Structures are given as structure tokens and as C-alpha cells.
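Trainee: Structure incoming, see below.
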Amino acid sequence: MIELFHSPKSTCSQKVRLALAEKGLAYESRLIDLSKREQHTPEYLAINPNGVIPSLRHAGHAVRDSSVICEYLDEVFPIPPLMSSDARARAGVREWMRFIEEVPTAAIRVPTANQMFAKVIGAMSEAEFEKWSQNVSVRRDLYLLVRRADFGDKDVREALAKLDMTIRRVDAACAKSAWIAGDSYSLADIGLLPTIVRMEDMGYAAMWSEMPNFSRWYMAAKERPSFKTAYFAGSRMDPSYKWSKVP
Ligand SMILES: N[C@@H](CCC(=O)N[C@@H](CS)C(=O)NCC(=O)O)C(=O)O
Numbered sequence: 061m062i063e064l065f066h067s068p069k070s071t072c073s074q075k076v077r078l079a080l081a082e083k084g085l086a087y088e089s090r091l092i093d094l095s096k097r098e099q100h101t102p103e104y105l106a107i108n109p110n111g112v113i114p115s116l117r118h119a120g121h122a123v124r125d126s127s128v129i130c131e132y133l134d135e136v137f138p139i140p141p142l143m144s145s146d147a148r149a150r151a152g153v154r155e156w157m158r159f160i161e162e163v164p165t166a167a168i169r170v171p172t173a174n175q176m177f178a179k180v181i182g183a184m185s186e187a188e189f190e191k192w193s194q195n196v197s198v199r200r201d202l203y204l205l206v207r208r209a210d211f212g213d214k215d216v217r218e219a220l221a222k223l224d225m226t227i228r229r230v231d232a233a234c235a236k237s238a239w240i241a242g243d244s245y246s247l248a249d250i251g252l253l254p255t256i257v258r259m260e261d262m263g264y265a266a267m268w269s270e271m272p273n274f275s276r277w278y279m280a281a282k283e284r285p286s287f288k289t290a291y292f293a294g295s296r297m298d299p300s301y302k303w304s305k306v307p
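To convert, count from 1 in the sequence shown and add 60; that's my numbering.
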């Protein structure tokens, strides 16, 4: 049995849902409400000590981190493959995965945080913030940044420059192949897709309007049946979405 601890709008959860859907795997959904800090409950921290989602439990064994989970699923359920059988091609996919984790995945958190929780976190007293940020050691840096009085435009601009660099690299890669890391849809495509969907939902689609290869890649990725399954109702960011109260 596969259990997935996730939330509809979490981009990292979306990655794993895309991989599960590509494999045609059913799972028990364990929803974690981030606004209620359910990621910090002792029960959840026992599954994932980082206090982040997603986590997967397969036959009672916990696997954490979206990319690790995706690779685990690909190894345990190899058909259809999301990695090549050739070691060099696999290295190519992994190079993209690491780049995607380090650059665009980190960058998208800045405009997301700015839009979703800057107001709430910025308005917290020191004591409220300390209470709220308990157990979030892996995200504390971002939250501290968000608390800075001038958090906003400059940080978002820097993040968008990294996202722009990513889009350009993908556009160049997709001039040579159908998908990011070759002619098969792979974990590299899955790794990037949720970031781009989030960008579209935040109104940044104009950034790739002049990039035909990138645009073709994005359209083809959204046309796969796995997209509809992974992005069930409520998974996209509502443009008017704002956290309205201190969680
Ligand atoms: N490297 C981790 C990062 C997971 C992560 O940051 N998850 C976010 C949601 S996309 C989260 O749980 N945030 C909770 C929080 O910031 O407290 C992965 O890919 O699974």
C-alpha cells in the first residue's frame, strides 16, 4: 500500500503526484494542512523530521523528499520508466534534477512566500514567530527573510532572474529533443513542471511567450493524462489566494 502525505497546492507534492500518475499507481491520500501546521505535529515529524511535505509510506516504510520519492517509485515500479536504462542518459537526467532543485525550485519559493505569507509572517510578534517557526529548521532562513521589513520586490526580481535563466536553458534543450533530458518524458520534466505551473498561476507566463521550444514543452507536459490526475481540483493557486490569518 502506498500512502502519500501531501497537500493539493504544494509544488513538491505535485511532483510526486505526477510520478504516481505516470506509473498509474493508486495511493491513500493523507492530506497535511500547512496552514494548520500539521507538518509540525509529533506524528508527522516522526515520519519526516524536516517538517515538510511530501512524504511517502510504502508498505510501512517512509521515503522523504520529492526527488528521492520519485526515484524510489521509478526503481520499485519501473514500468513505464521515468529514467533511461543507459547510465550516461540517467546521469543527464540527474544533472537536470539537481539543477532544478537548486535553482528554480528554490527561486519559486520567494514569489510564493511573498504572495502567500509575507503579510502574515511580517506582522507576527517575535514570540508568535518563534512559536510558529518551531520545528521548521529547514525553512527558517526563508521565513526570516520574509520577516525582513523590505522583503519583496528586490528578492522577487532576483528569483525571477533565476527562473528566466532556467526557462532559457530548457528552451535551448528542447530545441534539440522532445523533452528536457532527451526524447523521453523523465523525472527532469516532472521536477520542473510544478514550478512552471506556479509561475503561470502567478501571472508570469509572458516570460516564455517568445520561447517556442519551451512553450511547446510546457503545452505537451500539460497534455499528458498524468497532469489532470496530479492536478485535481484545488491544486492550482487561486490568483486571489492570500493567507488571511495567522496559522
Ligand atoms: N526538498 C523537499 C522540500 C519540501 C518542501 O519544501 N515542501 C514544502 C511544500 S512544497 C513544505 O512542506 N513547506 C512547509 C513549511 O514551509 O513549513 C522536497 O522536495 O520534498
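Where is the CB? At the ideal position from N, CA and C, for every residue including glycine.
If you're wondering where the values come from, they're calculated on a predicted model, not measured in any experiment.
To the nearest angstrom, report how far apart V257 and R296 are at their CA atoms.
Mentor: Rounded to whole angstroms, V257 to R296 spans 8 angstroms at the Cα level.
Trainee: Judging by CA-CA distance, which residue of R97, F177 and A79 is the nearest neighbour of P141?
Mentor: Measuring from the Cα of P141, the nearest candidate turns out to be A79.
Trainee: Could you check where the beta strand (DSSP E) with R90 kicks off and where it finishes?
Mentor: Its beta strand (DSSP E) spans residues E88 to L91.
Trainee: Is C314 near ligand 1, judged by its Cβ being under 7 angstroms from some heavy atom?
Mentor: Any question about residue 314 goes unanswered here, given that the chain covers just 61 to 307.
Trainee: Would the C-beta of I113 count as close to ligand 1, meaning under 7 angstroms from any of its heavy atoms?
Mentor: I113 Cβ: within cutoff of ligand 1.
Trainee: Going by C-alpha distance, which of S95, M262, K83 and V230 is nearest W192?
Mentor: With distances taken between Cα atoms, W192 lies closest to S95.
Trainee: Tell me whether G152 sits in a helix, a strand or coil according to DSSP, three-state version.
Mentor: G152: helix per DSSP, three-state reduction.
Trainee: Of the residues V112, N110, R208 and R77, which one's Cα is nearest the Cα of K288?
Mentor: Among V112, N110, R208 and R77, the Cα nearest to that of K288 belongs to R77.
Trainee: Distance check for K83 and M157, CA to CA, integer angstroms please.
Mentor: Roughly 19 angstroms between the two C-alpha positions.
Trainee: Buried or exposed: which applies to H121, given that a residue is buried once 16 or more other Cβ atoms fall within 10 Å of its Cβ?
Mentor: The residue is exposed, with fewer than 16 neighbouring Cβ atoms inside 10 Å.
Trainee: Find the nearest neighbour of E135 within the set L247, F274 and N273, judged by alpha-carbon distance.
Mentor: Cα-wise, what sits closest to E135 is L247.
Trainee: If you draw a straight line from the C-alpha of G152 to the C-alpha of S126, how long is it?
Mentor: Their Cα atoms are separated by approximately 18 angstroms.
Trainee: Is S73 near P109, with beta carbons less than 8 angstroms apart?
Mentor: No, these two residues do not count as a Cβ contact at 8 angstroms.
Trainee: Short of 6 angstroms in beta carbon distance, which residues of its chain neighbour D215, apart from the five on each side in sequence? Order them along the chain.
Mentor: Excluding residues within five positions, the ones whose Cβ falls inside 6 angstroms are V170.
Trainee: Any idea what DSSP makes of G242, helix, strand or coil?
Mentor: Correct three-state label for G242: strand.
Trainee: So T255 packs on I129, CB below 8 angstroms; how close in whole Å?
Mentor: Contact doesn't hold; Cβ gap of about 17 angstroms is too wide.
Trainee: Going by CA-CA distance only, name the one from V206, R154 and E188 that's closest to A178.
Mentor: If we check each option's Cα against that of A178, V206 comes out closest.
Trainee: What are the partner residues of H118, as DSSP defines its beta bridges?
Mentor: Answer is I62 and H121.
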